[in-house]
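Participant: Below is one structure. I have some questions about it.
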Amino acid sequence: MLANDILLKAYRLMMTARAMADIYENNRPVCKYVHSTSRGHEAIQLATGFLLKSYDYVSPYYRDESLMLGMGWRPYEMMLQLLAKGDDPFTGGRAYYNHPNSRRENQPQIIHQSSATGMQVIPTTGVAQGIDYIESQKLRSFPEPPVVVCSLGDGSVTEGEVSEAFQFAVLHQLPVIYLVQDNDWGISVSSDEARTMDAYEYAAGFKGLERMRVDGSDFEASYKAMEEAIGFVRKERRPILVHAKVPLLGHHTSGVRKEWYRTEEDLAKHLKDDPGPKLRKKLLAKKGITEAQLDQIEAEEKEFIQREFALAVEAPDPDPAQVSDHVFAPTPVTEEQGNRTPAGKERTVMVDAALHAVEEILRKHPEALFFGQDVGRRLGGVFREAATLADKFGDERVFNTAIQEAYIIGSTVGLSALGLKSIVEVQFADYIYPGINQLVTEISKSSYLSCGKFPINTIIRVPIGAYGGGGPYHSGSVESTLATIKGIKIAYPSNAADMKGLMKAAFLDPNPVIMLEHKGLYWSKVPGTDEARTIEPDEDYVLPFGKGNVVLAASDEQVAQGNSLCIITYGMGVYWAKAAAKDFPGSVEIVDLRTIYPLDEALIYATVNKHGKCIVLTEEQLNNSFCEALSGRIAQQCFRNLDAPVQTIGALNLPAVPMNIGLEAAMLPNAEKVKEKIEWLLNY
Ligand SMILES: Cc1ncc(C[n+]2csc(CCOP(=O)(O)OP(=O)(O)O)c2C)c(N)n1
Ligand SMILES: [Mg+2]
């Protein structure tokens, strides 16, 4: 039997949650932003909240209002988010009710929470992965072994990404509790429409995942179950799924009303399990607890919530001048530093420059780890871009993952929250798509929506590009897709020195960075790309993002005669441009962008203004590409100085790069195609 004070505290907070739901419902025009309440789910949520410690991590979902109350969050603070006020401690008025994140020292830690159902499971499992890594490397000590709670609804469990996380958690035996609150509904989709098994039954398919069922509407049972689950994970360092059956008493959200799709019968069935009255009955059966005492608690909470609500309504709105704050955390790398061309060094191929950069990072930073498909000991990457690293740093720091792009990318959110620095790899750019969801939904928004509390420090290495008949699923370009995502940085080096300097800058950058690494430049195998091999810079060399490079300058003479143009390009385009320029000595200036975001707009515009003629060159299919967007921006910014329309060169607008080398060549740009355009433009 639990002590009366815990039961009474739970009862009080159930009355708080009820009063909150009621006041929101009674003030719908004021509570205009969409919100859900925890009505029906209070018991399991409060039990969980009571049991977590400040060094634990929890990912509450949008219905976990009572979980927040259980962890000691003040209703006023939560209401600031409900009303999207400036002092909303989680998102500063940027996201919905009960989408918390917190680094407060005296309460459990909460990473950024998105609204995408089930998508929090990978980032949150990443937190458990991070704790496991810290424990294995003895990087830090905790008062006692932390646990991670990932909370989600029954409807969310059917999302595919959830299974990637479960797989990883059981394989690596991570200290995580998946708490599934099963109310039999996913908006209007009933459980029998959505699945043949509930989460408890589903969990049985994941060998090594402990599981437990509990009546989540019974506070005492919930408390005992969570106490056991948390105790198990603290001690055993293994994952468990807790399946809590709960009623759903409120509306799905303020906007989707229960009476639209639920029958009287269904509502009545759920109401029978209302956790408040259930607990009240138990309390009244105890000695010394009276109806009057419980009535008083209810009345006190009602009054308290009225005061809290009035205060929150009065709070100021966010300052619109701050709308653009916190997209990125500031990076320490703003200037090129270190020795780029040390004396006596050999020229190095680009793939080795990347490998050496990662090796130097791993040697210096125990908080750094590197994982992805085939990067582990046996192969060291399908391009040998990770060769020998596992031998040197061990299988806990450099390891293979299953084929799980969503997990590979999304787990870095959790690792980053713990101060770890992950370098991960997606084997081919063509296979980044299963990970794009995590990139867009979780990673890119984390810093912005947590007001800078959770920027995601990660490097995502992505071999990219076409050459030598790689075929339709190993040659694709993805930079335009990536460039539409705000909140990530994208590098696209064209030579070994840039690769090394940018990799180092990416590592020091507290924000998410994608390194696009052209497979055709890795070993300078493509004819004409020998210059991608350069002297390898020193270990301390860094190249800031957003600084383009003039790789070929036009002569003053040709510029003065108006017989010049510039080519703005990156990656393989640099080599096509260089080859084409040979026939026009002094007339062509080539800018290698080096990073797609941030973009060196100052250099681009200054160069275009100088020549008055410009070609933007890319390997990608042209229509609606980054290259077209950039040419539009150039036209806008440099209109007065342009002597001809901005030209673009890219691949044909086909859905894939065909495999036969003749077809591949027909699709891609090359030096010849660039030459024709230069000639035409110089004569314009
Ligand atoms: C990826 C994604 N798809 C769809 C939605 C819209 N949506 C919001 S809540 C919800 C139902 C979730 O049901 P469940 O996980 O059982 O949680 P409950 O609301 O029942 O507590 C859906 C489909 C979403 N938020 N995210
Ligand atoms: Mg549900």
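Residue numbers for the sequence shown follow the UniProt record's numbering, beginning at 1 and rising by one. Even for Gly, the Cβ is constructed at its ideal location relative to N, Cα and C. Just so it is clear, the structure is predicted and the values come from calculations on it, not from any experiment.
Would you mind listing the alpha helix (DSSP H) stretches within the region 382-409 that are 4+ residues and don't spill past its ends, in chain order?
Facilitator: With a minimum length of 4 residues, the continuous alpha helix (DSSP H) runs that stay inside the region 382-409 are 389-393.
Participant: Identify which residue in D600, G562 and A353 has its Cα closest to the Cα of N641.
Facilitator: Nearest option by C-alpha distance: G562.
Participant: Return yes when the Cβ of H356 is within less than 8 Å of the Cβ of E531, no when it is not.
Facilitator: In this structure, H356 does not lie closer than 8 Å to E531 by Cβ.
Participant: Using CA atoms only, rank isn't needed, just tell me which of I240, N183 and V189 is closest to Q167.
Facilitator: Selected option, being the one with the closest Cα: I240.
Participant: Quick one: give me the first and last residue of the beta strand (DSSP E) that I568 is part of.
Facilitator: Where I568 is concerned, the enclosing beta strand (DSSP E) stretches over L565 to T569.
Participant: I'd like to know whether the C-beta atoms of F90 and P75 end up nearer to each other than 8 Å.
Facilitator: No; because the gap between Cβ atoms is not below 8 Å, this pair is not in contact.
Participant: Could you check whether the Cβ of N183 sits closer than 7 Å to any heavy atom belonging to ligand 1?
Facilitator: At least one heavy atom of ligand 1 is nearer than 7 Å to the Cβ of N183, so yes.
Participant: Return yes when the C-beta of H252 is under 7 Å from any heavy atom of ligand 1, and no when it is not.
Facilitator: Flag set: Cβ of H252 near ligand 1.
Participant: Counting only runs of 4+ residues fully inside the region 407-444, write out the alpha helix (DSSP H) ranges in chain order.
Facilitator: Counting whole runs of 4 or more residues, the region 407-444 contains the alpha helix (DSSP H) stretches 433-437.
Participant: Taking S631 as the reference, give the member of N624, V616 and E620 with the closest Cα.
Facilitator: Here the closest residue by C-alpha is V616.
Participant: Got a sec? Which residues, its chain only, sit under 6 Å from Y473 by beta carbon, not counting five neighbours each side?
Facilitator: D430, listed in sequence order.
Participant: Just checking D273 against ligand 2 - is the residue's beta carbon closer than 7 Å to any of the ligand's heavy atoms?
Facilitator: Not so, every heavy atom of ligand 2 lies at least 7 Å from the Cβ.
Participant: Would the C-beta of M119 count as close to ligand 1, meaning under 7 Å from any of its heavy atoms?
Facilitator: Checking the Cβ of M119 against ligand 1 gives yes.
Participant: Evaluate L271 with the Cβ neighbour count: other Cβ atoms within 10 Å of its Cβ, from every protein chain shown; 16 or more gives buried, anything less gives exposed.
Facilitator: Flag for L271 reads exposed.
Participant: Hey, would you say A406 sits closer than 8 Å to Q438, going by beta carbons?
Facilitator: Yes, the pair counts as a contact, with Cβ atoms nearer than the cut-off.
Participant: Report the residue from P175, S163 and G414 whose alpha carbon sits nearest the alpha carbon of P123.
Facilitator: Checking every option, the nearest Cα to that of P123 belongs to G414.
Participant: How is C627 classed by DSSP in three states: helix, strand or coil?
Facilitator: Reduced to three states, the DSSP call for C627 is helix.
Participant: Buried or exposed for E164, please, with buried defined as at least 16 other CB atoms from any protein chain shown within 10 angstroms of its CB.
Facilitator: E164 comes out buried.
Participant: Rank E335, S36, E396 and E144 by C-alpha distance to the C-alpha of Y541 and give the top, closest one.
Facilitator: Cα-wise, what sits closest to Y541 is E335.
Participant: What does the alpha-carbon distance come out to for the pair L654 and K578?
Facilitator: Those two C-alpha atoms are separated by around 26 Å.
Participant: Between the Cα of P527 and the Cα atoms of N670, M503 and A602, which residue gives the shortest distance?
Facilitator: Among N670, M503 and A602, the Cα nearest to that of P527 belongs to N670.
Participant: State buried or exposed for V323, treating a residue as buried only when at least 16 other CB atoms are found within 10 Å of its CB.
Facilitator: When all chains shown are included, V323 counts as exposed.
Participant: How big is the Cα-Cα spacing for I44 and Y605?
Facilitator: In a straight line, the C-alpha of I44 is about 59 Å away from that of Y605.
Participant: Using the Cα positions of V162 and L668, report the straight-line distance between them to the nearest angstrom.
Facilitator: Those two C-alpha atoms are separated by around 39 Å.
Participant: For the beta strand (DSSP E) containing E589, list its first residue and its last residue.
Facilitator: First-last of the beta strand (DSSP E) with E589: V588 to D592.
Participant: Just checking, does the region 476-490 make contact with the region 305-314 on the three C-beta pairs under 8 Å criterion?
Facilitator: The region 476-490, when compared against the region 305-314, does not touch it at the 8 Å Cβ threshold.
Participant: Would you list, in sequence order, the uninterrupted alpha helix (DSSP H) runs of no fewer than 4 residues that lie entirely inside the region 180-236?
Facilitator: Counting whole runs of 4 or more residues, the region 180-236 contains the alpha helix (DSSP H) stretches 191-194, 199-203 and 219-236.
Participant: Quick one, which of N98, Y55, W73 and Y96 has its alpha-carbon nearest A128's?
Facilitator: Out of N98, Y55, W73 and Y96, Y55 has the C-alpha closest to the C-alpha of A128.
Participant: Are at least three pairs of beta-carbons, each pair with one atom in the region 592-611 and one in the region 546-555, less than 8 Å apart?
Facilitator: The region 592-611, when compared against the region 546-555, does touch it at the 8 Å Cβ threshold.
Participant: I'd like to confirm something about I122: is its beta-carbon nearer than 7 Å to some heavy atom of ligand 1, or not?
Facilitator: Because no heavy atom of ligand 1 lies under 7 Å away, the Cβ of I122 does not count as near it: no.
Participant: Do you know offhand how far Y423's Cα is from L516's?
Facilitator: According to the sequence shown, residue 423 is Ile rather than Tyr. If I take the Cα positions, the gap works out to 13 Å.
Participant: Does DSSP put N609 in a helix, a strand or coil?
Facilitator: The answer is helix: DSSP assigns N609 an H, G or I state.
Participant: Excluding the 5 residues preceding and the 5 following K610 in the sequence, name in chain order all residues of the same chain whose CB lies nearer than 7 Å to its CB.
Facilitator: Result list for K610: V559, in chain order.
Participant: So who's on the other strand from E264, going by DSSP bridges?
Facilitator: DSSP, once it has assigned bridges, lists no residue as partnering E264.
Participant: On the DSSP letters alone, give me the boundaries of the beta strand (DSSP E) that E42 sits inside.
Facilitator: Taken as a continuous stretch (DSSP letters only), E42 belongs to no beta strand (DSSP E), being part of the alpha helix (DSSP H) at E42 to L51.
Participant: Which residue from S38, C31, G571 and L174 puts its Cα closest to that of S477?
Facilitator: Of the candidates S38, C31, G571 and L174, the one whose C-alpha sits nearest the C-alpha of S477 is G571.
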